[in-house]
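Residue numbers (the working numbering), protein chains in the order written: chain A, 5 to 352; chain C, 5 to 352.
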DNA sequence: GGTCTTTTCGAAAACGTTTTCGATAAAAAT
DNA sequence: ATTTTTATCGAAAACGTTTTCGAAAAGACC
């Protein structure tokens, strides 16, 4: 019933624990004969090294922690998948925690992970995280920390992000290229950096194309479970306020889909009357009607890159090499679908 | 730089490690004065118990493993959320692995988790898992195992499931109650039990209502990333084969949404000409047009129940109590939306 | 003052592994 | 035959904690 240990094997073979341990790890100073003997017995006894003891000795757990704001979300679950897939290749396990967009929870969870002595932490910040002490604590403990998507620019650690500003710029440019003259923007809440960057990209694209920026065309919608309703509501309001709008760049797909639903109900033609571009390339956007033009946010790749960088830093620390922080910016791409017209000119 | 240990505290206070340990855990045989002293110093030194050492001594890791076929899926990510939320309350961490619907991977991952010495395992089986040795291994190691959703009926352990058969029966009955006379069924692949049960429920509802079961009306679609296309294709085929069909009960929402898209394209009126019921209540089904009547599969609750049962069994084993396996069947509910007509009669 | 109880503490073993370093035996070299 | 090298092994410490059990000190009681 008790799990078999090195000592069990040693006893049966009348050799020392040391030799058993070495045999299993193919040390050069143990004869092929005993190696074979040990390995065979280990197999038949179904020996499994006690990870607690190993961790205690080696001071590493081969485990990393992941904190994300929400799990039930296409983008984030894609990231999880990316991280896990990469971690598995390197023999690492992943402990996942959900901060629920709460700063307080996030703090507690960071603490939990440190107590658990994970080898590193990957995190996407909660929306209401404004203080970064808990993150700097991780760094000062010399534990590798990677931030992705929702990051704190001021914290000195590696980051995996997309160029939200450029992506938003490109999305808006696409609307302009397809003939839109008066373009609205549904943005997210004021806090997260993404929201700000996307807004700035939108604004810059307008200005660069000689279209005056009109703050009245910018609507704020909270991104949460009610995003869909929010999108509907704002779409209707926009139509009442400004009947000359012919394009909208929307902060996130779900809101965009809400807007599409509203326009469909009202008989507003998409893209003929109003063109729409979303953000995220949530799976749903390829399935609704009309299918949604949107910015593809490569969640899976972000997860992979985040783990790769984490792994690199773990290795660097282990070998006492200088740790190099990197800012990895992944490419987004505009997925052109039915909710926008075809471009008139071919602009790069 | 080195993490502070009990011995560090002991040294500074000129007391023994034993006393420090006891003080921190509020043993009765240490004076209030030294307790206060120890606790204060522990706080200022930011002492964190080394979990490896604790685990090694106590032989438990306060960690559980979770294996699911896919992460990027509304139902499964809801389950994850349910498990994590409950685990956090009890001070457990969750290691998540994705089997990718592969039996081989599943085996390896079970092994990984056992080696990691998690306190218990929660699993939803891969579609191509037909042999259950790896699961019985877990049980014979006396490690708590809970299966949910995709289960193996023959394995002796607790299970958290829904009554797929009843749910399918109710869904089909709803179609009948709303006036459908000739009802097709898009089912999943032949292997997983859910697929079979849903099919049986569909069949029984027909027979119970005096509607002859016609095997030609049953289409098989693989449930994967291409489900949407699969749904479209089968919908078109169905229309060609049988122009008298007025209702479809579909194994899973995504396929149903594909079918809706196809019918929308073809100008087939939903629900007037054909009514559709899906399965899962994936978030999308409330967002497409027409909104989809579907069976709500309570993922979050399943996750919660699965962890609760696991926790119970961990406790039982720890206290040397007899372990009781339970089969927890959660209620599903039919969410009536626009893709079906209103019921003619009120049947219970 | 002596016995007895209560309070407070610490030595030591144990958990299972990894790794260093020295010991022994066999083989090779002189 | 003696020394040197090589191959093979094991003792022991260390990782940081928990817990048992006994010891010492302090207080209570006669």
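By construction, the Cβ of each residue, glycine as well, lies at the ideal position given by its N, Cα and C atoms.
Fair warning: this is a prediction, and the values are worked out from it, not measured in the lab.
Min CB distance residue i to chain C below 7 Å
{"i": "residue 131(A)", "result": "no"}
{"i": "residue 351(A)", "result": "With a pLDDT of 46 at residue 351(A), under the threshold of 50, the predicted position of this residue should be treated as unreliable, and no value is reported."}
{"i": "residue 119(A)", "result": "yes"}
{"i": "residue 97(A)", "result": "yes"}
{"i": "residue 106(A)", "result": "no"}
{"i": "residue 162(A)", "result": "no"}
{"i": "residue 114(A)", "result": "no"}
{"i": "residue 166(A)", "result": "no"}
{"i": "residue 261(A)", "result": "yes"}
Secondary structure of residue i, DSSP reduced to three states
{"i": "residue 113(A)", "result": "helix"}
{"i": "residue 34(A)", "result": "coil"}
{"i": "residue 331(C)", "result": "strand"}
{"i": "residue 217(C)", "result": "coil"}
{"i": "residue 173(C)", "result": "helix"}
{"i": "residue 69(A)", "result": "strand"}
{"i": "residue 59(A)", "result": "helix"}
{"i": "residue 194(A)", "result": "coil"}
{"i": "residue 309(A)", "result": "helix"}
{"i": "residue 49(C)", "result": "coil"}
{"i": "residue 347(C)", "result": "coil"}
{"i": "residue 20(A)", "result": "coil"}
{"i": "residue 85(A)", "result": "helix"}
CB contact below 7 Å: residue i versus chain A
{"i": "residue 57(C)", "result": "yes"}
{"i": "residue 311(C)", "result": "no"}
{"i": "residue 102(C)", "result": "yes"}
{"i": "residue 291(C)", "result": "yes"}
{"i": "residue 232(C)", "result": "yes"}
{"i": "residue 142(C)", "result": "no"}
{"i": "residue 52(C)", "result": "yes"}
{"i": "residue 85(C)", "result": "yes"}
{"i": "residue 343(C)", "result": "no"}
{"i": "residue 60(C)", "result": "yes"}
{"i": "residue 76(C)", "result": "yes"}
{"i": "residue 155(C)", "result": "no"}
{"i": "residue 288(C)", "result": "yes"}
{"i": "residue 20(C)", "result": "no"}
{"i": "residue 82(C)", "result": "yes"}
{"i": "residue 88(C)", "result": "yes"}
{"i": "residue 240(C)", "result": "no"}
Residue burial classification, residue i (beta-carbon count within 10 angstroms, cutoff 16)
{"i": "residue 134(A)", "result": "exposed"}
{"i": "residue 40(C)", "result": "exposed"}
{"i": "residue 214(C)", "result": "exposed"}
{"i": "residue 93(C)", "result": "exposed"}
{"i": "residue 105(C)", "result": "buried"}
{"i": "residue 20(C)", "result": "exposed"}
{"i": "residue 244(A)", "result": "exposed"}
{"i": "residue 226(A)", "result": "exposed"}
{"i": "residue 322(A)", "result": "exposed"}
{"i": "residue 11(A)", "result": "exposed"}
{"i": "residue 15(A)", "result": "exposed"}
{"i": "residue 110(C)", "result": "buried"}
{"i": "residue 158(A)", "result": "exposed"}
{"i": "residue 325(C)", "result": "exposed"}
{"i": "residue 234(A)", "result": "buried"}
{"i": "residue 212(A)", "result": "exposed"}
{"i": "residue 196(A)", "result": "buried"}
{"i": "residue 288(A)", "result": "buried"}
{"i": "residue 236(A)", "result": "buried"}
{"i": "residue 144(A)", "result": "exposed"}
{"i": "residue 374(A)", "result": "Since the first and last residues shown for chain A are 5 and 352, residue 374(A) lies out of range."}
{"i": "residue 348(C)", "result": "exposed"}
Beta bridge counterpart(s) of residue i as assigned by DSSP
{"i": "residue 337(C)", "result": "300(C)"}
{"i": "residue 187(C)", "result": "251(C)"}
{"i": "residue 166(A)", "result": "334(A)"}
{"i": "residue 222(A)", "result": "189(A)"}
Sequence ranges, alpha helix (DSSP H) only - wholly within the region 243–304 of chain A, length at least 4: 257–270
Segments of 4+ residues assigned as alpha helix (DSSP H) that fall wholly inside the region 91–162 of chain C: 107–120 and 137–144
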